Structure formats: C-alpha cells, structure tokens
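In short: position in the sequence shown from 1, add 35, done, that's my numbering. Quick reminder that beta carbons are idealized off the backbone N, C-alpha and C, glycines included. Given the structure is predicted, the values throughout are model-derived calculations rather than measurements. Single-structure report; data block below.
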Amino acid sequence: MARIYDEPSRTFGEYLLIPGFSSSECTPDKVSLKTPLVKYKKGSEQSPITLNIPMVSAIMQSVS
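What follows is the structure, given as structure tokens:
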C-alpha cells in the first residue's frame, strides 16, 4: 500500500556543502546525531526517547 507524505522528500543530491561557508562556531563537537525513536508532536522540544547514533532505513523494500 502506498503512503502519501505532505512534506517534500529530500535526497542527498539536493544538498550542497560549500567549504568555508560555515561559521567558526560550527564544530564537530557541537553536532547532534540524535535520532528520535518514537513519534512525537510537532512543536515539542524533543522526542521522549532518542538514540545517540544516526539511524536510517534502507531504500530496499525487503530490508526496511
């Protein structure tokens, strides 16, 4: 069964990383890779349960 999402989807090809464009305040130690594990309401501060590692689903139907 197909699902229709209201938000536009993004691919990795849509993002352009420009060297030297980030400010000096943007350092690797300030980057958060937390992933929400449960669904939560928009506008909430954060998900009640998060993983401290990035997690993505595979694009293959038989895997995800």
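- Three or more Cβ pairs closer than 8 Å define a contact, and the stretch 52-69 meets that threshold against the stretch 79-87.
- Less than 9 Å divides the Cβ of Ser82 from the Cβ of Leu72.
- In the DSSP assignment, Leu86 is bridged to Thr70.
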